[in-house]
Every structure is written in C-alpha cells, then in structure tokens.
Amino acid sequence: MGEDITQLAISAPDHPDDDRPGASVHGAGSGTVGRRRRSVARPHADLSSGDAAAALTAAESSEGLTAHRPAERSVEAFAPSPRERELPERAEAPHADLLRVARTRLDDDALRHLPDAPAFRRRAEEHLGRLVELIVEIYADRAEHQELAVVVGDLAVMLAGSWAARSSALRQADAAAEGAQPWWLSRGSFAAAAYADRWAGGFSGVQERIPYLQQLGITHLRLMPPFRAHPERPDGGFAVSSHRETDPRLGGADDLRRLADALRRAGISLMLDVVTSRTSSDHDWARAAADGSEYFERLYQVRRGTRRGSSRPLTLDEAQARSAAGQEWVPLNPGSRFDPRLVRSTAAPEQWDLDWSSPHVLLCVAGELLHVAGLGAQVLRVDPASRLWSGDDARESHRRGLLVLEALAEVLRIAAPSSVLETQDADDVRSEGAPVGQGLGRTSLIWSALATRSVEMLERAVPQPGASAGTGRLLPVRQHDALSWGFGPQDVPEGIDPQAHREFLDRFYTGGFPGAFAAESGCVRTEHGVCGTSASLSGIREEPGAGAARLLLAHAVAFSMSGVPELWLGDELAVLNDVDWQREPGHADDPRWLHRPRLEASALESRHDFFATAGQVYGTIRRLAQMRAAAFEFEGQEVVDFDTRNPAVLGLQRVGLRPDGELPQTVVLCLANFSDWAQFVTGETLSGFLPRGTRLRDDVEIDLREGILLEAHGWSWVRVIPR
1 MGEDITQLAI SAPDHPDDDR PGASVHGAGS GTVGRRRRSV ARPHADLSSG DAAAALTAAE
61 SSEGLTAHRP AERSVEAFAP SPRERELPER AEAPHADLLR VARTRLDDDA LRHLPDAPAF
121 RRRAEEHLGR LVELIVEIYA DRAEHQELAV VVGDLAVMLA GSWAARSSAL RQADAAAEGA
181 QPWWLSRGSF AAAAYADRWA GGFSGVQERI PYLQQLGITH LRLMPPFRAH PERPDGGFAV
241 SSHRETDPRL GGADDLRRLA DALRRAGISL MLDVVTSRTS SDHDWARAAA DGSEYFERLY
301 QVRRGTRRGS SRPLTLDEAQ ARSAAGQEWV PLNPGSRFDP RLVRSTAAPE QWDLDWSSPH
361 VLLCVAGELL HVAGLGAQVL RVDPASRLWS GDDARESHRR GLLVLEALAE VLRIAAPSSV
421 LETQDADDVR SEGAPVGQGL GRTSLIWSAL ATRSVEMLER AVPQPGASAG TGRLLPVRQH
481 DALSWGFGPQ DVPEGIDPQA HREFLDRFYT GGFPGAFAAE SGCVRTEHGV CGTSASLSGI
541 REEPGAGAAR LLLAHAVAFS MSGVPELWLG DELAVLNDVD WQREPGHADD PRWLHRPRLE
601 ASALESRHDF FATAGQVYGT IRRLAQMRAA AFEFEGQEVV DFDTRNPAVL GLQRVGLRPD
661 GELPQTVVLC LANFSDWAQF VTGETLSGFL PRGTRLRDDV EIDLREGILL EAHGWSWVRV
721 IPR
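Under UniProt numbering, think of the first position of the sequence shown as 1, with each following residue one higher.
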C-alpha cells in the first residue's frame, strides 16, 4: 500500500513545494504526507545493520533528520509553514492557535482524499480541541510554544494518515463502535489470554483454534506481546524492540493482520499490549540515541555520569547485576569506555525508560498505538500512569500520567474509534482515558481466601467504591505474570499485618507451610511473586477432587463479581506446571515459564473426557460463561454485598438491567464457600427475599426458607426477588 504514514518517518527533504495547499495529506500511498516531519517514530535508515552510525548519518543527510532535534531549538528547526506564520504567536486561549495549526494541516483539500472523509472530519472536529488542550496542559511548562506547534501539526497529519491506511473492514468496525454499549459492561463479555506460540504455535495456529474459542464463549483474546523483542532478554515479550515487526517465530505482520480479521469475523476482539513506558535497548530509537542522535536521545531519560577511560565496557550481565542491586541508571552506550551518558532503566538494564516530559514521546508513541490498532487490535493495554511520568512529586506525576492516557485515548477516538485503551492499574481507569483496567487486587484476594478459608478480606472488594460510571475491570484468576499480593492496608482487617500476611501466602503456595494443599505443587517464589498454574496452586494432582473444586470456586467468584472475567488459556483444562520449563533456551532465569506450558492439540481434546479433571473443569467454566451471558442481572457493573453471617461464605447480589432498560424485580444471589467443609446459609439469613428462588445452574426452584447448603468449595447462583 506504500509508506506507513503512522511511522512519521521522513520521506523527503524540506522543499518549498511542500508548503503548497493540500500537500500535507494525500493518503497512504503518497510520498509526501507532511510538510516537515520533525518527529520520527522510526527512521528509514536500517539501524539494525552493522554500521548503525553510518546509516543514521546517511538518513540525516538525505532526509533532513537534523531538523528534528529539539536540542537545537533554532527558529529554522521549528519554523511553521507560511500559512502557520500568519497565526498569532499566542491567542487568548493558550491552545487556540495550536488548534488552528492542527486544523490548517487538516485542510479540506487534504481531507477530500481520505476514505469516509465526513466521518473523520466529524470526529476530528469533536475531539481535536480536547487533544490540543491536553497537550498544552501537559507540556506548556516543558516545551517552547513553537515546538508544541510542530508536534501538534505533525500529530494532525499522523491522524489523517493513519485513518487513510485503515482497512475498509476496520473503518466499518469504527462506524459500528460509535454509540454502541461498551463491551466491558456487557454480561456476555468473556476474555482469554495466552502466548501465541505456547498456546497454538503461532498466528496460524491461533487462527485454526478460533472454533475452540467460540465454543468456550470467548469474546476477547489477548495475545501476549507478539512483537520483536530484545534477542537476549525479551522479558516475555515486554522488552519490545519494534511494535512494527512481529516475532518471526510466530509469523509476519500480515499473518497477525489476517488473524485479527478472522477473529473479528468470529465475533472475537484482539487485545494487544503496547509498551508505552520504555523500549528495548535494541529498539531503533535506542540505537539511534546510542549512536549520537540528540533527537532520539531526548526520547529517553538520560543524564551525564562519570566513565573512566581505563575501564572496560560493561557487559549486559554486569549491567543486569547493577540493576538488581538497585542501580537504575546504566550506560547508554556500554560499548564505549568514554561515553558518559547514562539512561534510566527501572525494569531491567536492557529496557530504557522513555522521557514523557518531551512532547515528541507523545507523538512517537501515538504513532505506535495507531500502527498496532491498524493491525486490527481493538483493545490496547498500556503501562500505568505512574510509569509514564517521573518526578519527585508522586501525586503530580500520576496526574500528568493520567493526562497522557487521556491524550492517547483522544488520538484513538479520532483515527481508530473501535480501539480503546486498557490500563494495567485499576487506579488509572477513567472514562475519558483508559475506561477499562486490570483488577489484579481482587485476584490476589481470591487466592488469599482459598488459603485462609475466610472471606473477610475478599468481601471488602465486592462493592468497588472507586469505580467510576461507564468504566470496567478485567478479573483474571491467573495471568502471564507471577501471582503477587497486591492488597493494601485498607483490604486487611484490623489486627493483621499486611506484610506478614503476604509472607504467609508466599510460604503457603510454595511448600513452606505444613499441610497446605499447594505444598507439593512445585510452585516457586521469585522477585515477581508466586509462579504456578491455577491448577497447581489449587492443589490438583491428576484426578478430580478438592483441588478441582477450589479451581472452579475461584473462577465462579471471578464470573460473579463486577468486571469481565479473563481466562488464562489452559486453566479451563486444569493444566499443571511445566516441570521442564528450565530446559528451553532463554527460560532458565525466569521461573514464570513454569506456568506458561505449551498446549498441544491432545491437551485440548482432553476436554471431551467428562470423567477426567480437564473435562469437568472445562464443562463447568463453559457453563459459567453461558449462565452469566443469559442472566440480565449481570449486565453492567452494579453489585450489592450480602452478609451470609458465615466467615467462610462470600455473598453478593448482581443487579443489572432488563433488555428493555428497566430495573429488574429480581437479583442474582451469588454464594461461594471457601471452607473445606459444607456450609449452611440459614433461611433467616435469606429472609430478605421472597420464599421462592431459582437455582441457575440447573434451573431448579428452591425454597429459601429452608436455607441453602453449599458443599465444600461449592458455589451457587440463585435468582431471587427482594422483599
């Protein structure tokens, strides 16, 4: 189709002719998509080749890359176009002239060439003003006004170019998404997550298993980062070297695009991660920074340190050791003895922190988001706001990080409205920014309740008082990362030390607590948390028993609480730990591969054996999804707690909306027994409901006056009518 406009790579040197009306946007195949692209997401030069410095020099000389260096701050470097020069230096509102710059770059002549131009123009008119306001609020005290004019103008061109490059199928999805009810409020939503290679061998294998996902009721599929990552320490795919290249072991970018199309036709939305706080040191931006580009250096948090000329270059292992010892700053150019530059690397020495105080980072990352959305991803998970902005004032840094998320959301609303942001931190969820986030705090409380046989902590998480209207949470029982104990002092009853409780859970699930059901599971503790599959953590061995009941109880609670249940694929088959995880190349130093086993076709076939653990667990989880989707009381996020008067039994009520939009007369009472023994909820406790109820699992009417008996690790959903 031609050049990918969202890359913002400079396609031509500056020419006076480029200032002519209509020269800014001509569609995806045009050679000149912008007058002067002062910000570059990826240079055309092949920086992965042997002589990266020479390639960068050639790119700078032939494509005008030197004009993109904020360090120079010359009038020529940031000079607006002739039409932009007619604008006042400052308008009455701080953002008014910047908005005019954006609109000037999106003139009618340019928009006329875009497909579905009226829809794009309407969304730009609706959201561009707020986007510019956010840029001013975030960066007015960080960048010169002319520099912001450059960023805003280039961003406007990027938005139009990204829209022009979207496929007709994605534009149809965009049209359908506008005005539709958010999926995270739908009772029919059910997410799943996996590594493409571990679950199905690659993109084509995932596509072949779409019918399996449909049978399970999956509506959203999260593929863990499938992009090219650091060759030595990929960090499970999160040390991204390029969002524009896929891991060749999985397939190519076209294969990923075809997979996304096939999923969408099957009613399944693709969810992908876009790492927004850092890049791999192998990233093109990082390579250019190390080779001396001031522009790319300013994309990272860099400071000058002291390097002695007699010292030898640091190896990656030595840098890793320094990072583990708490030294966040590592040499930007470890191959040089004399380069004094240090780059911040809070995650790992081969992952460099981006400097979000530069507006050019916003521009470049927006290009990456739009590119991934153009591949067909409809949910883009980004890093927490707290990781986007660094500063001494944590509250102010978090506030600015939230503004960054809102700005990125506005970018998607204009050029990819069927895609939404998801944040890794539930505290960052905002309807105007990332409307959906991870609910890992409740995940840890479910596992805590299983260990203690008490719901005292878990029941505090039922109401979700911090959730704002129109937002949602994803609630996984397990996920790709280690299980961490993310509860705070507010979640722990008085008299219990939160840290001591975390240490108890560590011992309980890793064999350090006598009599624990997970004592012989083989699960291990690392700096990340507890590693192990849900089945192994639940105490499953081979045959069905108490371990399988615990696993199903955990998922029943996840399905009953507010939010969208998220399944780590393999849990539905009660897959145990991979005891050979250390034998695979590159995995020996990361125990998280313990709970990321490969799933062969034979494992999927085991679901048909109803006498085996896999068959029983699969059938129950599938039934949970069906019951939840069929009961209108689960629509939305409304949850009311229910006091069972039993410390081992969790109770909550789901109050949704009927299909006609009216409040229902009924609620679904969800009960979950975390005890190793049968528990009874008395008729007196249930006296707030009319005497008759319907058990959803088997559609049997019961008399509430007789109470409800729950077997050990049992659960029940009952449709009742409050008095």
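Where is the CB? At the ideal position from N, CA and C, for every residue including glycine.
Nearest-angstrom Cα separation, counted from residue j out to residue i
i: Ala394; j: Thr346; result: 16 Å
i: Glu605; j: Tyr212; result: 10 Å
i: Arg308; j: Asp107; result: The predicted position of Arg308 is uncertain, since its pLDDT is 41 and thus under 50; a value taken from the coordinates is nonetheless stated next. The straight-line gap from Cα to Cα measures roughly 54 Å.
i: Gly188; j: Thr219; result: 8 Å
i: Ser454; j: Leu551; result: 16 Å
i: Leu375; j: Phe190; result: 22 Å
i: Asp197; j: Ile540; result: 25 Å
i: Ala554; j: Trp285; result: 43 Å
i: Phe513; j: Arg628; result: 36 Å
i: Leu505; j: Ala426; result: 23 Å
i: Leu342; j: Ala548; result: 51 Å
i: Glu328; j: Ala519; result: 36 Å
i: Tyr295; j: Arg507; result: 49 Å
i: Ala262; j: Ala192; result: 16 Å
i: Ala373; j: Leu256; result: 12 Å
i: Trp717; j: Arg697; result: 7 Å
i: His283; j: Val240; result: 7 Å
i: Glu422; j: Arg249; result: 27 Å
i: Tyr195; j: Glu350; result: 22 Å
i: Gly615; j: Ala603; result: 10 Å
i: Arg502; j: Ala117; result: 55 Å
i: Phe78; j: Arg105; result: Only weak support is given to the placement of Phe78: the predicted model assigns it a pLDDT of 35, under 50, and the value that follows is read from those uncertain coordinates. Their backbone Cα atoms lie some 15 Å apart in a straight line.
i: Gly664; j: Glu633; result: The sequence given here places Pro at residue 664; Gly does not occur at that position. When rounded, the distance between both Cα atoms is 7 Å.
Per-residue DSSP class, three states only, for residue i
i: Ala712; result: coil
i: Met561; result: coil
i: Val230; result: Residue identity differs from the one stated: residue 230 is His in this sequence, not Val. Note: His230 maps to coil in three-state DSSP.
i: Ala434; result: strand
i: Arg596; result: coil
i: residue 735; result: What the structure shows of the chain is the stretch from 1 to 723, and residue 735 is not part of that stretch, so it cannot be assessed.
i: Pro514; result: coil
i: Ala71; result: Interpretation of Ala71 is limited by its pLDDT of 36, a score under 50 that renders its predicted location unreliable; no figure is taken from the coordinates.
i: Arg719; result: strand
i: Ser281; result: coil
i: Ala58; result: The predicted position of Ala58 is uncertain, since its pLDDT is 34 and thus under 50; a value taken from the coordinates is nonetheless stated next. In the structure shown, Ala58 sits in a helix (DSSP, three-state: H, G or I).
i: Trp184; result: helix
i: Trp329; result: strand
i: Val492; result: coil
i: Arg507; result: helix
Identity of the residues DSSP links to residue i by a beta bridge
i: Glu566; result: Ala191, Pro476
i: His220; result: Ala191, Ser269
i: Phe634; result: Phe634 pairs with nothing; no bridge assigned.
i: Gly693; result: Ile702
i: Asp641; result: Leu652
Residues of its chain near residue i, where Cβ-Cβ distance is below 7 Å and the 5 sequence neighbours each way are ignored
i: residue 734; result: With the chain represented from 1 up to 723, any question about residue 734 goes unanswered, as that position is not in the structure.
i: Arg400; result: Ile138, Trp389
i: Thr685; result: Thr644, Arg645
i: Gly252; result: Thr246
i: Pro384; result: Thr423, Gln424, Asp425, Asp428
i: Glu706; result: Gly683
Terminal residues of the beta strand (DSSP E) in which residue i lies
i: Gln582; result: Gln582 -> no beta strand (DSSP E), and no H or E assigned at all.
i: Val152; result: No beta strand (DSSP E) holds Val152; the alpha helix (DSSP H) holding it covers 145–165.
i: Met271; result: 269–273
i: Asp353; result: 351–353
i: Phe680; result: 679–681
i: Glu294; result: Premise fails: Glu294 lies in the alpha helix (DSSP H), 294–297, not in any beta strand (DSSP E).
i: Trp668; result: Before going on, a small fix: residue 668 reads as Val here, not Trp. Note, Val668: beta strand (DSSP E), 667–673.
Cβ neighbours of residue i in the same chain (closer than 6 Å, five flanking residues each side left out)
i: Arg121; result: Leu111
i: Ser444; result: Trp485, Gly486, Phe487
i: Gly522; result: Asn577
i: Ala625; result: Phe190, Gly217
i: Gln207; result: Leu259, Ala262
Other residues of its chain near residue i: CB distance less than 8 Å, five sequence neighbours each side excluded
i: Ala176; result: Ser418
i: Asp174; result: Ala119, Arg166, Ala416, Pro417, Ser418
i: Gly129; result: His95, Leu99
Residue span of the alpha helix (DSSP H) that contains residue i, given as start and end
i: Trp447; result: 440–452
i: Val361; result: 359–374
Distance cut-off 6 Å: residue i Cβ against heavy atoms of the ligand SAM
i: Leu594; result: No copy of the ligand SAM appears in this structure; indeed no ligand is present at all.
Any chain C beta carbon closer than 7 Å to residue i
i: Gly376; result: In the displayed structure, chain C is absent; only one protein chain is listed.
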